[in-house]
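Numbering-wise, the sequence shown is residues 1031 to 1368 according to my numbering.
For each residue, glycine too, the CB sits at the ideal point set by N, CA and C.
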Amino acid sequence: MSDGCVAVEGVKAPGGRGLCLLSGGLDSQLAICLLREQGVHVEAVVFASPFFKISAAKRAAENLKVKLHIVTFTQDILELVKHPPHGFGGALNPCIDCHARMIKRAGELMSELGFDFVATGEVLNQRPMSQNRRSLGIVENDAALGGRLLRPLSALLLEPTWPETEGLVDRSRLLSLNGRSRKPQMELAAQYGMKEYPSPAGGCLLTEKGFCRKLADLRDHEGLGEERLVWLLLHGRHFRLPGGAKCVAGRDARDNAALKKSQGKGDMLLYTVNVPGPTLLLPCGASEEDLALAAGICAAYGDHGERTAVLVRIVRGDGAEERQVTPLPKERFLGWMQ
Ligand code: SF4
1031 MSDGCVAVEG VKAPGGRGLC LLSGGLDSQL AICLLREQGV HVEAVVFASP
1081 FFKISAAKRA AENLKVKLHI VTFTQDILEL VKHPPHGFGG ALNPCIDCHA
1131 RMIKRAGELM SELGFDFVAT GEVLNQRPMS QNRRSLGIVE NDAALGGRLL
1181 RPLSALLLEP TWPETEGLVD RSRLLSLNGR SRKPQMELAA QYGMKEYPSP
1231 AGGCLLTEKG FCRKLADLRD HEGLGEERLV WLLLHGRHFR LPGGAKCVAG
1281 RDARDNAALK KSQGKGDMLL YTVNVPGPTL LLPCGASEED LALAAGICAA
1331 YGDHGERTAV LVRIVRGDGA EERQVTPLPK ERFLGWMQ
C-alpha cells in the first residue's frame, strides 16, 4: 500500500487536529486519508484487549505513516460484556456500547493531547445493529463529546459537527457513503493507491460463537474479574470437568509455554514426563477427582503409543509429584470441552 493520502498541494489546509480511531480496516484508513487530504493533522488510536488483535492497526499506521496511540481497553470491554446497556449483537459483542466507550476514551485522549475532535470510519447503515442512524445517535450521546465526533465517510448524511461548523474541516470535501456496499470504498482505496487492506469480516473474538462459548462458561463459573483467565481463553482446549474445575490443555508448544507462564498461586500444572505431550493448567485448582481426570486427559493427549500408562508430573504451590496415569478414553472427556 502506498501512503497516497497526504495533503494535496495547493489546497487550503483548514488546520484542525483530529484523532481517528483506527482498526486497520479499510474504512478507518479512508477516514484518515480524507482528513489528511484536506490538511488536517491526524493521529490514530487503537484499543487493545484480549478480543481484538491490534496488528492490523499497527500495520495500517505504518503504511499511512500516522502516529498510533494504543489504549488498554480490557477492563472497559469486560465491564460491557458483563452489563451491556444496549445489549449484544449475534454473540457476546456489545457493539453499540463498545463503540461508545472507545469514542469516549478517544475523547479523553483528545483533551489530554490537545486534539480538536475525534473521527471514526463508521459508515451509516453499513452494519445493521451498530451503524444504523439510531445507533450512531446513541453512540454520540453516550460518548458525550459535545459535537466533536466526526464521521468523515458519511458526514454529509449527518448533522454538521463542531469541527465542520468551526471551519477546522471542510464539510464540502467529506462524503455521503451509506449502506453495505464496499464498492465506493474500494474505488477510493484505488484512488489513494491502497493495494492491500483487510477484508471487512470482523476480527473481533466477541463475534465468534465458538470463542463466546468459552467466554460464557468462564463468566458463569469463575467470573470475568481476573484478566489472566480471560487471556487464557486464547490458548488451548478448554474443559469444564465434572467436579466444576476449569482445565486448559495446550495444543502446541506455544500454548504449552503460555500455560506454564500463566501458572499462579493455587493453580495446578500438569505435563507428561516420559512421552511428548501437552501441558495442562487447572487455573483455580481442582478436587482430587477432577485432578485425576485432568491427569487422564494429559496422558490421553500424550504420544503414548501402546503404553497403558504415562508418567504425569503435577506441580502446585506446595510442591510436585509424579503419577503413573492411564490415558482417559477421548469419548469420555470430549463432551466436557467448551
Ligand atoms: S466487533 Fe468487537 S471490537 Fe468491534 S465494536 Fe463490536 S465488540 Fe467492539
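- Task: Give the secondary structure of GLY1315 by DSSP, where H, G and I count as helix, E and B as strand, and everything else as coil.
- Result: Within the sequence shown, residue 1315 is the residue found at index 285, counting from 1. Of the three classes helix, strand and coil, the one that applies to GLY1315 here is strand, per DSSP.
- Item | Every unbroken alpha helix (DSSP H) within the stretch 1166 to 1233, with a cutoff of 4 residues, ordered by chain | Uninterrupted alpha helix (DSSP H) stretches at least 4 residues long and entirely within the stretch 1166 to 1233 occur at 1192 to 1195 and 1213 to 1221, given in chain order.
- Item | Extent of the continuous beta strand (DSSP E) to which ILE1344 belongs | On the sequence shown, residue 1344 is found 314 positions in, with the first residue counted as 1. Note, ILE1344: beta strand (DSSP E), 1340 to 1346.
- Message: In the DSSP output, which residue or residues are listed as bridge partners for ALA1074?
- Response: Taking the first residue of the sequence shown as 1, we reach residue 1074 at position 44. ALA1074 pairs with CYS1050 and LEU1098.
- Message: Is there a C-beta anywhere in chain B that falls below 8 Å from the one on PHE1147?
- Response: The structure shown contains no chain B, having only a single protein chain.
- Message: Does the distance between the C-beta of LEU1248 and the nearest non-hydrogen atom of ligand 1 fall short of 7 Å?
- Response: Residue 1248 sits at position 218 when you count from the first residue of the sequence shown. Incorrect: LEU1248 has no Cβ contact closer than 7 Å to ligand 1.
- Using CA coordinates, which residue listed in THR1302, GLY1240 and LEU1263 is at the minimum distance from LEU1248? As a position in the sequence shown, residue 1248 is number 218, starting the count at 1. Restricting attention to THR1302, GLY1240 and LEU1263, the CA atom closest to the CA of LEU1248 is found in LEU1263.
- Compare the Cα-Cα distances from ALA1283 to each of GLY1209, TRP1261, CYS1314 and GLY1332 and report the closest residue. To locate residue 1283, count along the sequence shown from 1; it is residue 253. Taking only the C-alpha atoms, the option nearest ALA1283 is GLY1332.
- Item | Spatial distance of ARG1181 from VAL1199 (CA atoms) | In the sequence shown, counting from the first residue as 1, residue 1181 sits at position 151. In the sequence shown, counting from the first residue as 1, residue 1199 sits at position 169. Whole-angstrom Cα-Cα distance: 11 Å.
- Item | Assigned secondary structure, ARG1281 (DSSP; H/G/I helix, E/B strand, else coil) | What you label residue 1281 is simply residue 251 of the sequence shown in a count that begins at 1. Correct three-state label for ARG1281: coil.
- Message: Quick check: the Cα distance between ARG1346 and LYS1290, rounded to an integer number of angstroms?
- Response: For the purposes of this step, residue 1346 is taken as residue 316 along the sequence shown, with counting starting at 1. For the purposes of this step, residue 1290 is taken as residue 260 along the sequence shown, with counting starting at 1. Cα to Cα, ARG1346 sits roughly 12 Å from LYS1290.
- Task: Would you kindly report the start and end of the unbroken alpha helix (DSSP H) that includes ALA1136?
- Result: On the sequence shown, position 106 is the one that residue 1136 refers to. ALA1136 -> alpha helix (DSSP H) spans 1125 to 1143.
- Based on Cα-Cα distance, which residue from PHE1082, LYS1095 and ALA1288 lies nearest to GLU1059? Start at 1 with the first residue of the sequence shown, and residue 1059 comes out as number 29. It should be pointed out that residue 1059 corresponds to Gln in this sequence rather than to Glu. It is LYS1095 whose Cα lies nearest to the Cα of GLN1059.
- From the DSSP output, read off the bridge partner residues of TYR1301. Working through the sequence shown from its first residue, we reach residue 1301 at position 271. In the DSSP output, where bridge partners are listed per residue, TYR1301 has THR1309 and ARG1343.
- Query: Would you say LEU1183 and ASP1285 are within 8 Å of each other, going by their C-beta atoms?
  - Reply: Here residue 1183 refers to the residue found at position 153 of the sequence shown. Here residue 1285 refers to the residue found at position 255 of the sequence shown. Cβ distance not < 8 Å, so LEU1183 and ASP1285 don't count as in contact.
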